Amino acid sequence: MNLAITPYDPENLPEEADIPLPDPRFYGAVGGDEGFRRLIGLFYDKIVESDIAFFFPQEEEEIERIKEHNGKYFAEIAGGPKRYSEEMGHVDQIKMHKPFSINEKHRTEWLGTWREVLQEEASDVEPEIVESYFRFLDEYSKLLVNRPVNARAFEDLAKV
Numbered sequence: 099m100n101l102a103i104t105p106y107d108p109e110n111l112p113e114e115a116d117i118p119l120p121d122p123r124f125y126g127a128v129g130g131d132e133g134f135r136r137l138i139g140l141f142y143d144k145i146v147e148s149d150i151a152f153f154f155p156q157e158e159e160e161i162e163r164i165k166e167h168n169g170k171y172f173a174e175i176a177g178g179p180k181r182y183s184e185e186m187g188h189v190d191q192i193k194m195h196k197p198f199s200i201n202e203k204h205r206t207e208w209l210g211t212w213r214e215v216l217q218e219e220a221s222d223v224e225p226e227i228v229e230s231y232f233r234f235l236d237e238y239s240k241l242l243v244n245r246p247v248n249a250r251a252f253e254d255l256a257k258v
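Be aware that the sequence shown starts at 99, since it is given in this note's numbering, and climbs by one per residue.
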């Protein structure tokens, strides 16, 4: 399974409209609602223990709310029910992430966590289907990077 993280190049970013959505079979292939909740749960359980944990709340109740909310978004883009759109309407994900100082290092950690989860939880799914989901995450995440690596990020400022 090819889950390679492609380099971030601020001079050569994809257009949002040109990023293909994942193969819609992904949602069903990982087990529908139950399987996708397990996938999202594992992702967030790992990410709150990662080098980018500072982006996420550490309170159990709040992280459970995020799993539920963000799980709807990820499920929808992966071929699941349109619950996120029905509740939220169209949300500009790029604008929503602007308040966070996201650099390439953060993007790579986030994608690495997704890769680990997919290798653990989707190993029995057709590789092309899993790869399509990861490619979407890889390409779309480039649009969320909004700070150069050498900029003082939030975690550095918090140490001052």
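In this text, a Cβ means the ideal position worked out from N, Cα and C, and glycines have one as well.
The structure displayed is predicted, hence computed values, not measured ones.
Test item: CB-CB of residue i and residue j under 9 angstroms
| i | j | result |
| --- | --- | --- |
| V228 | Y106 | no |
| Y125 | G178 | yes |
| W208 | I150 | yes |
| D121 | S221 | no |
| E174 | K180 | yes |
Residue i in three-state terms, based on DSSP
| i | result |
| --- | --- |
| F154 | coil |
| K180 | coil |
| S148 | coil |
| Y125 | helix |
| D254 | At D254, the pLDDT of 49 sits below 50, so the modelled position is not reliable; the number obtained from the coordinates is stated separately. Of the three classes helix, strand and coil, the one that applies to D254 here is helix, per DSSP. |
| L137 | helix |
| N168 | helix |
| I161 | helix |
| K196 | coil |
| I103 | coil |
Whole-Å CB distance - residue i paired with residue j, under 8 angstroms assumed
| i | j | result |
| --- | --- | --- |
| A127 | V223 | 4 angstroms |
| E114 | L241 | 6 angstroms |
| E67 | R136 | Because residue 67 is not part of the residues shown, which for the chain are 99 to 258, the question remains open. |
Selected residue, minimal CA-CA separation from residue i, among the options
| i | options | result |
| --- | --- | --- |
| T206 | Y238, A173 and E218 | Y238 |
| E147 | I161, R135 and F134 | I161 |
| F152 | F134, R123, H188 and S199 | S199 |
| G133 | A176, Q156, K196 and P120 | A176 |
At 4 residues or longer, and completely inside the stretch 201-231: list those alpha helix (DSSP H) runs for me, N to C. 202-219
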